[in-house]
Amino acid sequence: MTQQQLGSFPGGLKLPGHKKRSTQMPIRRMPISKRLILPLQQHIGEAAVPIVEVGEKVLKGQRVARAEGHVSVCLHAPTSGVIRAIADHQVPHPSGLTAPCIMIETDGEDRWIERDPVLDFRSLSSHEIRQRVREAGIVGLGGAGFPSFIKLNPGVRHHVETLLINGAECEPYITCDDMIMRERAAGIIEGIEIMMFALRAKECVIAIEDNKPESISAMRFALTANKALSETTRIVIIPTKYPTGGEKQLIQVVTGKQVPSKGLPIDIGIVCHNPATAYAVGRAIRHGEPLLSRIVTVTGTDVTHAGNFETLFGTPIRELLEFCETKRQPDEPFIMGGPMMGYNLSGDDLPITKTSNCILVGVDDVAIASQPLPCIRCGECAAACPASLLPQQLYWYSRSKEFDKTEEYNLFDCIECGCCDYVCPSKIPLVSYFRFAKTEIMNQERERRKSDIARERHENRLARQERERLEKEERQKQRKAALAASKAAQKKAENTETESTTETAAVKEDN
Amino acid sequence: MLTAILALTLLALIFGLLLGYASVKFKVEGDPIVEQIDKLLPQTQCGQCSYAGCRPYAEAIAAGEADINRCPPGGEATILALADLLDVEPKPLDEEVGAEKPKMLAVIDEARCIGCTLCIQACPVDAILGAAKHMHTVIADECTGCELCVAPCPVDCIDMVRTTPSPTTWRWPDPEHITVQEKIEEEQA
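Here the protein sequences line up with chains E and A, keeping their order. In terms of UniProt numbering, the first sequence has 401 at position 401, counting the first letter as 1, and numbering is strictly consecutive. In terms of UniProt numbering, the second sequence has 29 at position 29, counting the first letter as 1, and numbering is strictly consecutive.
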């Protein structure tokens, strides 16, 4: 296979990686927590619906909530124990709000439920593979948490050319994908084989940034061991630049093609998955293991023993931080995700979920919070934007709440990478404005749909009242008519009676 | 002279016929501007604007009888949208009709409900369910928070509560209102 010329995307930044801190130790297993908190919504789409009752004993890998609707996945008990409660609990979300969770008290025995491994995945249809992936609760482990089975469906209208494995991991500090590629390359390759089969994809590209030489060699080694797959799969080494790991940016780098605005990669025949997701698919099909844990990077300047930890879902983040020994005080905020795209969380009892890729406590060369200065229209943000947007225009319109204008300037193509924030000489929190505008627009859309329903219900009510009024009138008219008719009949009867009496009288007289 | 008059008369006749035909053929049903205004109103049917519902208010705006700043549930967003549509200057909400409030939801205290059906009759969007002498309840998804059911209740068992956002409906705060000082204070607290 010939090495293709790499493309590139506009803008982007060269950032210090800070990755060495958490790659000094192999992946360690986090001890089982006494109590696990499982939010029912750990993915994009409809929340899962609990199918267990409080007090019920569950085994490791047992389904505790089923998928609801199409865009949804199942949820499983990460270890054996007893369901203690199904109640609202604070979830790791920028809002700090609560959401329904299943609380499990673990018994420490870690007893598995009976598993159903499929040794030869080719005996399954691609529909069966998708069904199993859905049942196993697998979502994109890169951070967004979109149900993976949907992205394993080539559909009727599309034809998948390329399966792209996104091993870029471009954001500073985060190393969970790097570590899984180093240590579990064979498992990832196993998963890729299944994904290729389900998608009927022609080729697979594993894209890894050039700052991860250990991952590259591990993946190469694992790939050469699989003769059949190595014919259709290649590893592409891409230059380290932020945000190459953005799906659309990576596609541009690897293929030179652009995903259309408001479009999906599948529109140009590409499906993109994270290496950890591929590993999870392999485990689910070949070993019958649902998704119960993930690799979480715990790092930052205030962490003493930084590293990557295989952590069961629902493990309180506090326990993970205690395990790594941090200088953090209780209830002090920390970052979920990386320094560029992550968000602040505070609260000690938050659980690890399917989308928690990194816990960051303390960042090097942190920018001192200062009052933002006015925009000087220097255009640095536009030069840095990897999606070719005009952040300063979007900023003006978001600020003045002219949301229709922000949409005209393609606000929804913004991937919130934070490059514009980083380069802004006035230190304007641009992404905060864009996030605000996006959720406002989505809310307006929701309200509009609701008001349409309200209008319809109101109109239906008015129509019903009108109909009832008419019916009442009609009934009254009928009753009146009936009354009049009966009166007339009575009168007539009386008349005939009198007539007949007069007649009989006449007859009598005659006699 | 005569030809000119004839030609102009003929032209006038032709165009008259053409326009007459067009006005019959392409007749617009209803008043489109009323529809457009109605689309922007929140459809709570609450009557706080002093009209009998959103559509009558829309008709009044279209007729130039009412101002665009009389809708408290719609608030600033609706006024801006109306100003944009009608190409007039936006103005603050009319104090006479009340203040902009967060979205509310009617909740019936089911233990106290006597089943009088008065609230069912008052609800403009049929969001209350129940029968005579049986407990009533609010269909939360359909309630517009118009408060019209509160006054008719003889036992005062309907409360308006603030709707709490869930993580999926939560909105990022307006950065304009968060000053750095607040942020630092928050972090220290």
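Every residue gets a Cβ at the ideal spot worked out from N, C-alpha and C, and that includes glycine. Note that the structure is a prediction, hence the values are computed from the model and not measured.
Beta-carbon gap between residue i and residue j smaller than 8 Å
{"i": "C324 (chain E)", "j": "G338 (chain E)", "result": "no"}
{"i": "L164 (chain E)", "j": "I270 (chain E)", "result": "yes"}
{"i": "G145 (chain E)", "j": "Q42 (chain E)", "result": "yes"}
{"i": "R134 (chain E)", "j": "A67 (chain E)", "result": "yes"}
{"i": "C54 (chain A)", "j": "Q36 (chain A)", "result": "no"}
{"i": "I83 (chain E)", "j": "G55 (chain E)", "result": "yes"}
{"i": "S398 (chain E)", "j": "F434 (chain E)", "result": "yes"}
{"i": "L411 (chain E)", "j": "A437 (chain E)", "result": "yes"}
{"i": "G256 (chain E)", "j": "G7 (chain E)", "result": "yes"}
{"i": "C49 (chain A)", "j": "A106 (chain A)", "result": "no"}
{"i": "I361 (chain E)", "j": "L321 (chain E)", "result": "A small correction: the amino acid at residue 361 (chain E) is Val; Ile does not occupy that position in the sequence shown. In this structure, L321 (chain E) lies closer than 8 Å to V361 (chain E) by Cβ."}
{"i": "G143 (chain E)", "j": "T355 (chain E)", "result": "yes"}
{"i": "A198 (chain E)", "j": "I129 (chain E)", "result": "yes"}
{"i": "V118 (chain E)", "j": "R286 (chain E)", "result": "yes"}
{"i": "E46 (chain E)", "j": "V71 (chain E)", "result": "yes"}
{"i": "A52 (chain A)", "j": "A60 (chain A)", "result": "no"}
7 Å CB neighbourhood of residue i in its chain, flanking five on each side removed
{"i": "A81 (chain A)", "result": "L40"}
{"i": "G17 (chain E)", "result": "P172 and N211"}
{"i": "I32 (chain E)", "result": "T79, T106, G108, D110 and L312"}
{"i": "F9 (chain E)", "result": "Q249, Q252, V253 and P386"}
{"i": "C381 (chain E)", "result": "P391, Q392, C420, V423, C424 and L430"}
{"i": "C157 (chain A)", "result": "I108, D109, R112 and C113"}
Minimum Cβ-Cβ distance from residue i to chain A less than 8 Å
{"i": "T162 (chain E)", "result": "no"}
{"i": "S426 (chain E)", "result": "no"}
{"i": "F313 (chain E)", "result": "no"}
{"i": "F9 (chain E)", "result": "no"}
{"i": "P429 (chain E)", "result": "yes"}
{"i": "R399 (chain E)", "result": "yes"}
{"i": "Y433 (chain E)", "result": "yes"}
{"i": "H158 (chain E)", "result": "no"}
Cβ-heavy atom distance, residue i to the ligand ZN, below 7 Å
{"i": "A489 (chain E)", "result": "Of the ligands one can find in the structure shown there are none, so the ligand ZN has no counterpart to examine."}
Within-8 Å CB hit, residue i to chain E
{"i": "Q48 (chain A)", "result": "no"}
{"i": "R162 (chain A)", "result": "no"}
{"i": "R171 (chain A)", "result": "yes"}
{"i": "V125 (chain A)", "result": "yes"}
{"i": "P165 (chain A)", "result": "yes"}
{"i": "D174 (chain A)", "result": "yes"}
{"i": "P32 (chain A)", "result": "no"}
{"i": "Q45 (chain A)", "result": "yes"}
{"i": "G53 (chain A)", "result": "yes"}
{"i": "P92 (chain A)", "result": "no"}
{"i": "P102 (chain A)", "result": "no"}
{"i": "P42 (chain A)", "result": "yes"}
Own chain residues within Cβ distance below 8 Å of residue i, not counting five before or after
{"i": "S370 (chain E)", "result": "K427"}
{"i": "A121 (chain A)", "result": "Residue identity differs from the one stated: residue 121 (chain A) is Gln in this sequence, not Ala. Excluding sequence neighbours, Q121 (chain A) sits near P152."}
{"i": "E247 (chain E)", "result": "N166, V259, P265 and C272"}
Residues of its chain near residue i, where Cβ-Cβ distance is below 6 Å and the 5 sequence neighbours each way are ignored
{"i": "M196 (chain E)", "result": "L163 and C204"}
{"i": "L118 (chain A)", "result": "P152"}
{"i": "M1 (chain E)", "result": "Confidence at M1 (chain E) is low in this model, with a pLDDT of 41, below 50, so its placement is unreliable and no value can be given for it."}
{"i": "E310 (chain E)", "result": "I27, R29, S293 and I295"}
{"i": "R464 (chain E)", "result": "none"}
With 16 other Cβ atoms within 10 Å as the buried cut-off, status of residue i
{"i": "T164 (chain A)", "result": "exposed"}
{"i": "P275 (chain E)", "result": "buried"}
{"i": "G11 (chain E)", "result": "buried"}
{"i": "P32 (chain A)", "result": "exposed"}
{"i": "Y21 (chain A)", "result": "exposed"}
{"i": "V161 (chain A)", "result": "exposed"}
{"i": "Q490 (chain E)", "result": "exposed"}
{"i": "D302 (chain E)", "result": "buried"}
{"i": "Q181 (chain A)", "result": "Interpretation of Q181 (chain A) is limited by its pLDDT of 45, a score under 50 that renders its predicted location unreliable; no figure is taken from the coordinates."}
{"i": "A201 (chain E)", "result": "buried"}
{"i": "M25 (chain E)", "result": "exposed"}
{"i": "D178 (chain E)", "result": "buried"}
Taking beta-carbon pairs under 7 Å, can you tell me which members of the UniProt domain "4Fe-4S ferredoxin-type" (134 to 163) of chain A lie near chain E? E142 and T144
Cβ-based contacts, 7 Å cut-off: residues of the region 91 to 110 of chain E near chain A: V91, H93, S95, L97 and A99
Which residues, in chain order, does the region 66 to 77 of chain A contribute to contact with chain E at a C-beta distance below 8 Å? A77
For the region 437 to 452 of chain E, list every residue whose C-beta sits within 9 Å of some C-beta in chain A, in sequence order. A437, K438, T439, E440, M442, N443, Q444, R446, E447, R448, K450, S451 and D452
Using a Cβ-Cβ cut-off of less than 7 Å, give me the residues of the region 454 to 482 of chain E that come near chain A, in sequence order. A454, R455, R457, H458 and R461
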